[in-house]
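With the numbering used here applied, the sequence shown closes on residue 314, and no number is skipped along the way. A quick write-up on the structure given underneath.
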Amino acid sequence: MMGAVPQPFDAVDRAYAAELQREPDRRTRWLLQQTAATGPSRRALIGSLGVAAGARVLDVGTGFGCVPLELAAIAAVTAVGVDVDVDVLGAATRIAESAAASGGLVPGSSVRFHAADVLALPFAAASFDVATVRFVYEHIADRDLATDELARVLRPGGLACVVDVDDGLSISDPEPSAAFARVANAFRAAQAARGGDRYVGRTLARLLDAGGFDVTAVLVLPQAAYGLSLPSDPGRALLLERLRLARADMVATGLLDDSELDADLADLAAEVVHGQCQVEAHLAVVGRRRPD
Ligand SMILES: C[S@@+](CC[C@H](N)C(=O)[O-])C[C@H]1O[C@@H](n2cnc3c(N)ncnc32)[C@H](O)[C@@H]1O
């Protein structure tokens with residue numbers, strides 16, 4: 023019998039799996055699990071950007087480094103990922119080294135990681151051909167300055183792709199439970215209190231336009247599922263873990279006190295929904311940096 027044909031992301035997927043085993047109790051486990059589980063939609067998007075061999079790519083707020091790594095798995099790029107969280111950068115470096123060691127990168131490509139804030143990128147003007155930013159604008163207050171920094175480090179004509187959430191693009195039948203609605207509301211308010219915005223998706227095109235980009239595409243990235251929703255679902259555990267991490271911030275909003283939050287999280291953990299249709303979408307905006 024013939025063996026399975028190796029796929030371009032096999033080595034990358036094995037590297038994510040090894041990193042998940044390495045430190046199962048890390049604070050950002052939810053993000054690493056999500057990174058490992060959401061490969062297909064992310065890879066479809068980055069593949070559609072048409073990044074050419076030789077391109078210099080910057081991924082801002084790179085997390086576990088999935089975008090630079092997966093671009094380097096399909097094209098001979100020089101990719102750099104930056105993040106403010108040095109722990110995730112250490113893991114991103116291990117993942118990239120492991121994928122490279124097992125032949126997961128296109129020959130001639132390279133992936134490096136640095137600690138840096140999107141608001142003060144440590145790169146000279148026009149250092150990059152492509153810049154990507156996924157699920158970072160939702161967390162930062164000064165999104166105009168972030169966009170100015172992207173424009174500065176990209177060469178004229180360079181490509182930016184910014185992807186983010188918009189909680190307005192979420193529907194469910196049956197409607198989410200009252201416990202879910204209360205907790206989601208407090209989670210959104212906690213993010214807003216830190217300067218973030220879970221409705222940022224709809225503003226991305228305007229931000230890029232105002233920051234010196236010609237917007238060439240606004241894409242809706244939908245996800246939909248139908249079925250039995252059970253306490254044992256892996257997605258449920260991921261959601262609860264993320265909510266528990268934000269616990270203090272949610273209580274600080276004053277929308278829920280400790281015991282109300284505990285009761286809602288317990289209800290959420292136990293919920294069984296027979297036949298739930300859930301649809302949500304992220305937004306991706308692609309732009310070209312206008313000449314000076
Ligand atoms: C939700 S994660 C997304 C990670 C990655 N972009 C992805 O698509 O998987 C958001 C990341 O942005 C980083 N981040 C938040 N604020 C930042 C800032 N001001 N500058 C750089 N990175 C930032 C966080 O540390 C975190 O790793």
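We treat Cβ as the ideally placed atom computed from N, Cα and C, and that holds for glycine.
Q) Taking 6 Å as the line, does the beta carbon of glycine 180 fall inside it for any heavy atom of ligand 1? A) no
Q.
Give me the residue from Ala173, Gly190, Leu267 and Ala291 with the minimum Cα distance to cysteine 183.
A. Ala173
Q. What residues match up with cysteine 183 in a beta bridge as DSSP calls it?
A. Thr154 and Val308
Q.
Does the distance between the C-beta of phenylalanine 157 and the nearest non-hydrogen atom of ligand 1 fall short of 6 Å?
A. yes
Q | heavy atom of ligand 1 below 6 Å from threonine 57 C-beta | A | yes
**Q.** Boundaries (first-last residue) of the alpha helix (DSSP H) holding tyrosine 38
**A.** 32 to 44
Q. Is DSSP giving alanine 77 helix, strand or coil here?
A. coil
Q: Flag this pair as yes or no: are the beta carbons of valine 242 and alanine 227 separated by less than 7 Å?
A: no
Q: Consult DSSP for methionine 23 and reduce its assignment to one of helix, strand or coil.
A: Note on methionine 23: pLDDT 44, under 50, position unreliable in the model; the coordinate value appears next. Coil, per DSSP.
Q.
On the DSSP letters alone, give me the boundaries of the beta strand (DSSP E) that arginine 134 sits inside.
A. 132 to 137
(Q) Need the endpoints of the alpha helix (DSSP H) that leucine 93 sits in, please. (A) 88 to 94
Q: Would you kindly work out how many angstroms separate the C-alpha atoms of histidine 296 and leucine 260, rounded to a whole number?
A: 20 Å
(Q) Three Cβ pairs or more, each shorter than 8 Å: is that satisfied between the segment 131 to 150 and the segment 91 to 109? (A) yes
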